[in-house]
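Here's the structure, in structure tokens; my notes come after.
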Amino acid sequence: MEKKQKVKEIKAGDIIRTIAQLFEEACYYLPKDVYVAIKKAKAREESSVARNVLDKILQNAEIAANGEIPLCQDTGVAVVFLELGQEVHITGGGLYAAINEGVRLGYDKGYLNNLIVCRPTSDRIKAKYNTPAMIHTEIVPGDKLKIIALPKGGGSENMSRLTVLSPAQGRQGIIDYVVNLVNDSGANLCPPIIVGVGIGGTTEVAMMIAKKALLRKVGEPSPNTEVAEEVSELEKEILERINNLGIGAMGYGGKITALAVHVETYPCEAGSLPVAVNFQCHSARRKEAIL
Numbered sequence: 003m004e005k006k007q008k009v010k011e012i013k014a015g016d017i018i019r020t021i022a023q024l025f026e027e028a029c030y031y032l033p034k035d036v037y038v039a040i041k042k043a044k045a046r047e048e049s050s051v052a053r054n055v056l057d058k059i060l061q062n063a064e065i066a067a068n069g070e071i072p073l074c075q076d077t078g079v080a081v082v083f084l085e086l087g088q089e090v091h092i093t094g095g096g097l098y099a100a101i102n103e104g105v106r107l108g109y110d111k112g113y114l115n116n117l118i119v120c121r122p123t124s125d126r127i128k129a130k131y132n133t134p135a136m137i138h139t140e141i142v143p144g145d146k147l148k149i150i151a152l153p154k155g156g157g158s159e160n161m162s163r164l165t166v167l168s169p170a171q172g173r174q175g176i177i178d179y180v181v182n183l184v185n186d187s188g189a190n191l192c193p194p195i196i197v198g199v200g201i202g203g204t205t206e207v208a209m210m211i212a213k214k215a216l217l218r219k220v221g222e223p224s225p226n227t228e229v230a231e232e233v234s235e236l237e238k239e240i241l242e243r244i245n246n247l248g249i250g251a252m253g254y255g256g257k258i259t260a261l262a263v264h265v266e267t268y269p270c271e272a273g274s275l276p277v278a279v280n281f282q283c284h285s286a287r288r289k290e291a292i293l
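Take 3 as the starting number for the sequence shown in my numbering and just add one per residue.
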């Protein structure tokens, strides 16, 4: 007789506390991999002006961490990625309600700027709290709940785009589209940037995998081995072309405009080639926990 799997219970209160802490810490502490990548970029940068800008970015990260104050005044939209184990049961309240309460607490307690407007087409009055969060849930095997907090600033998000290329445009069309978009966006992206590219699927899938690509550590390959093998050279070529644009740190010119290009792909219809680009500024904040 097959042994019945025991369901793991996770309290809504624990989710609330975890979310609040994740967003506070994400806004205070630049991830180590991002800090190291910017430090390496400074060492490689040939422009003295750009080196000075990169040095100021590093100093800012240290001041924010030491004082537990936001890295940037744009503390962004609260984006939450969930990997919910199928053996998990949430008790004491709803999952999404707990997440939004955690965001409310974290932004309130951490003195983080509330930037959500409830009526985007009319009065655009700010919500009292930085909610609702943008929540993306994936059901996975197991009895764990993985939470990734991504405070997403408006500057880089505003430059994100989606197109559907003709399959005949192929690899070169993808490269040209991404590079031209960076060139047109310039300093609005707050470089040095991380570039998330989603290729394939349908339009909404392409946008989602482009944003999810930003969750990787800087320069880390796709967790999907087949995708990593397929796109590794593509990532390198796009990165090289972007860094040859001369935009540089915060648009002051220089060799380093992007720290990394992360490409994710998904199967798509034979007559379609969706391409989405989601940018992350140098304040590439993210924080995760597993319950």
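All C-beta atoms in this analysis are idealised placements derived from N, C-alpha and C, irrespective of residue type, glycine included.
Whole-angstrom distance between Ser124 and Lys10, CA atom to CA atom: 44 Å
Inter-residue CB distance, Ile12 and Leu147 (contact presumed, cutoff 8 Å): 6 Å
Bridge partners - Lys154, DSSP secondary structure assignment: Val79
Cβ shell of Phe83 (< 6 Å), same chain only, five flanking positions each side left out: His138 and Ile150
Leu84 Cβ short of 7 Å to the ligand NAD heavy atom set: The ligand NAD is absent from the structure shown, which contains no ligands of any kind.
C-alpha distance - Cys74 paired with Cys29, whole-angstrom precision: 8 Å
Assigned exposure category for Tyr109 - 16 Cβ within 10 Å defines buried: buried
Asn280 (DSSP reduced to helix, strand or coil): strand
Of the listed residues Leu56, Ser50, Val51 and Ala52, nearest to Val38 (C-alpha basis): Leu56
Option nearest Pro225 by Cα separation, candidates Gly248, Gln171, Asn190 and Thr267: Thr267
Residue from Ile118, Ile127, Glu70 and Ala135 with nearest C-alpha to Ile101: Ala135
Option in Val36, Ala272, Lys111 and Lys130 with minimal Cα separation from Gly203: Ala272
Closest Cα partner of Ala189 within the set Ala260, Asp178, Met210 and Arg163: Ala260
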